[in-house]
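Student: Position in the sequence shown counted from 1, then plus 3, gives you the working numbering.
Cβ coordinates follow ideal geometry from the N, Cα and C atoms, glycine included.
To start, I am sharing the structure in question, which I have written as structure tokens.
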Amino acid sequence: MSGREGRIEKWVKIYSQIPSENKEIFLKHFNEIKNYIEERLKVKVEIDNNSSLITIEPLDNNTSPADMMKAKDIIQALSIGFVKEEALKLLDEENVLIVIDIKSKVGDSNNHIKRVMGRIIGEDGRAKRTIEEITGTSIHIGNNLIGVIGDYDRATIAQYGIELLIDGRMHSTVYKRLESMMREIKRHDLTNLWEKRL
């Protein structure tokens, strides 16, 4: 189904929430692209300043379910902490947002969460940057959430690498595994390209 196929009833709404710790940064980036998102995706976005609740609804009956979800993903990316340029990559039909909830994986201990986040970020951001470079994705690490933006295959490989680090695997082992998986993806893409030419 393409982004414009299918229809959604006018009364359908999607709700999201601005994390209190990111509200100021979120609003700065969101206000700069709000009109663009609404026009591009044919949605209406409203924010309740008291509750920080975000409401996304179709502009009319021609708004597709896919575009409603794209709007939600862009808003969620901004709420995690992605800058607007990164969040807008989600307008590409090939790109997805994957969110990893650290608390759900390691528990509520702040010390444990900080240790795990430190492993994922690495010294001077090296681990995060290496995973981004290997997989061709964008990664943002928030307080308790990690967001990954990229096409589905590459984003899921980056997610896998992050989860290996959460589980305590050595960085070098994780990088080698990701490089191997990316070689398979590239071989698969090349094979598909040749098959289309035949």
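Mapping DSSP to helix, strand and coil, what is Asn34?
Tutor: Asn34: helix per DSSP, three-state reduction.
Student: In three-state DSSP terms, what is Leu44?
Tutor: Leu44 falls in the helix class under three-state DSSP.
Student: For Ile59 versus Ala74, is the C-beta spacing smaller than 8 Å?
Tutor: Yes, they are a contact pair.
Student: Here's the rule: buried if 16 or more other CB atoms are within 10 angstroms of the residue's CB, otherwise exposed. What is Asn65?
Tutor: The residue in question, Asn65, is exposed, as its Cβ has fewer than 16 Cβ neighbours within 10 Å.
Student: Distance check for Asp51 and Val86, CA to CA, integer angstroms please.
Tutor: The straight-line gap from Cα to Cα measures roughly 22 Å.
Student: Kindly confirm or deny that the segment 131-142 and the segment 150-158 touch, where touching means at least three C-beta pairs closer than 8 Å.
Tutor: Yes, the segment 131-142 is in contact with the segment 150-158.
Student: Under three-state DSSP, which class holds Ser5?
Tutor: Note that Ser5 scores 44 on pLDDT, short of 50, meaning its location in the model is unreliable; the coordinates nonetheless yield the value given after this. Reduced to three states, the DSSP call for Ser5 is coil.
Student: Quick one: grab the DSSP three-state call for Leu181.
Tutor: Reduced to three states, the DSSP call for Leu181 is helix.
Student: Which of the three DSSP states is assigned to Thr140 in this structure?
Tutor: Coil.
Student: Answer yes or no: do Val102 and Ile83 have a C-beta to C-beta separation smaller than 8 Å?
Tutor: Result yes, Cβ atoms of Val102 and Ile83 sit closer than 8 Å.
Student: Assuming contact is defined by CB atoms lying nearer than 8 Å, are Ile134 and Val119 in contact in what I supplied?
Tutor: No, the pair does not count as a contact, with Cβ atoms beyond the cut-off.
Student: Hey, would you say Val48 sits closer than 8 Å to Ile36, going by beta carbons?
Tutor: No; because the gap between Cβ atoms is not below 8 Å, this pair is not in contact.
Student: Quick check on Leu168: does DSSP put it in helix, strand or coil?
Tutor: If DSSP states are grouped into helix, strand and coil, Leu168 belongs with the helices.
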